[in-house]
Structures are given as C-alpha cells and as structure tokens.
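Chemist:
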Amino acid sequence: MRNRRYHPVALLLALALLLPAASLAEGTALPFGLQMGMSPQQVTAALEADATLGSLTPDTEDYGNGAVEYRYGGVTIPGTDLTADSLSVQVDRNNSLKADRLTEVGFVLSSPEHGIAAFRQVLAAMTATLGAPDADPFGEEAVSAYVEWGTLDASWTTADARVSLSLNRMYEENLTVQYSSRLNYDPADLAE
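Sequential numbering of the sequence shown, starting at 1071, is according to our numbering.
#1: Does DSSP classify arginine 1163 as helix, strand or coil?
#2: Classify tyrosine 1216 as helix, strand or coil using the three-state DSSP reduction.
#3: Looking only at DSSP bridge pairs, what is tyrosine 1140 linked to?
#4: Should tryptophan 1226 be labelled buried (16 or more other beta-carbon atoms within 10 Å of its own) or exposed?
#5: Mind checking whether glutamate 1330 and serine 1181 have CB atoms under 8 Å apart?
#6: Do you know offhand how far alanine 1215's Cα is from serine 1234's?
#7: So is glycine 1097 buried or exposed if we call it buried at 16+ other beta carbons inside 10 Å?
#8: Do valine 1175 and threonine 1246 have their C-beta atoms within less than 8 Å of each other?
#9: Could you give the C-beta distance for valine 1113 and valine 1145, rounded to a whole number, given that I count them as a contact under 8 Å?
#10: Roughly how many angstroms lie between the CA atoms of aspartate 1155 and leucine 1123, to the nearest whole one?
#11: Going by DSSP, what residue range makes up the beta strand (DSSP E) through leucine 1222?
#12: Tell me which same chain residues have a C-beta within less than 8 Å of the C-beta of alanine 1212, skipping the five on either side of it?
#13: Using a Cβ-Cβ cut-off of 6 Å (strictly less than) and excluding sequence neighbours within five positions of serine 1309, which residues of its own chain qualify?
#14: Could you pull out every residue in the same chain whose Cβ sits closer than 6 Å to the Cβ of leucine 1100, ignoring the five residues on either side in sequence?
#15: From glutamate 1131 to proline 1110, what distance separates their C-alpha atoms?
#16: Return helix, strand or coil for glycine 1107, following the three-state DSSP convention.
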C-alpha cells in the first residue's frame, strides 16, 4: 500500500468547502429561526414559517449585485416587549464562491422613549441566548465612551457571527442590533 501525502492547499480547500455546511448545522441561533449561510430558499422558508413574519409582507430591495434585502416594519425584538421600527434580513454574495446566502440580520429602534432601559432589556435577552458579551458594556471604558459620545455598546463574537447591540444618544437616539457573518472568504483564496 502506498503512503499518500495530501497537498496542504488541497486540504485547506476541502476544509473551506466544509465550513459553510458545518456552520449552518451548528451556527449561531439568530432570531426567527435564521442562521448565517442559509440559501435564499431557506431564508424565505424561515421567514414564512415564523408566526409573526409569516403574516407580514416585507419590502424587498434587490440591489442588482447579488444582494437582496428584506425589510419589515413594526417587529418585536425577540425576548423583549420592544417594537423595532425596522428589521432587515440580507442575502448576498459576499463570499468566495459568490453563492447567495444569509449574511446580515439587523433591527433598528429609533427614538426609544427610555433608551438606556431599552438597551438593558435587549442586553438581557441577548445575554440569555448568546451568553455574556465580549466586554462589560457598563465597565470603566464603556462609561467613559458614554460620557463623551452618549453611546453604549455590547458585542459577541461566535464562530460564525459578530453580534452587536448599540445605543446612540447623540442628536437622535436609536438602538440597533446587528448580526453579521464571519465566514465569508476561504483561506484557499490566498494559495499560490
């Protein structure tokens, strides 16, 4: 029997091709049954299957470059009693294979009546599903940023997503929640 040696680039390519499938199976749980890397058909099925979103018709924006955004108005942020002004779900080709897949989900709550209380409520809901944020959003550095800029931030980094919660009180108060994919480009792209 021959001793086989595999080329490192071939091994990296094989792993890179498996990552999107693996991340979909064990990825970060997003609101409404969504997961990063879902195909447009899977995204549509998840949105239609959700009790709230299934009864709403989204505004759909096709940017003509492979990016399609579904926008909903008046959607409750999961785990809270807060109603977001908008929910955005984006499918695009921001990846090495130029394959259509879910890469972003975001909520915007404009002019919350009690912004800091709203931030704390969303923080508690997100901590219940994602665990503690990467840093204390009320730590010394965070308080200094709040004093100077009127912002509060919390973030989580998972294997497949970056998640952020932000309150900005400068000029017009708004609260945002953003889920963004971390698995977009394959290391094999860099091979010579």
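Glycine included, C-beta positions come from ideal geometry on N, C-alpha and C. Computed from a predicted model, the values in this text were never measured in an experiment.
Modeler: The relevant details are as follows:
#1: coil
#2: helix
#3: Thr1130 and Val1159
#4: buried
#5: Nothing about residue 1330 can be read from this structure; the chain reaches only from 1071 to 1262.
#6: 16 Å
#7: buried
#8: no
#9: The Cβ separation is near 15 Å, so there is no contact.
#10: 14 Å
#11: 1221-1227
#12: Ala1205, Asp1206, Leu1222 and Asp1223
#13: No answer is possible for residue 1309: it lies beyond the span of the chain, which begins at 1071 and ends at 1262.
#14: Val1175 and Tyr1249
#15: 14 Å
#16: coil
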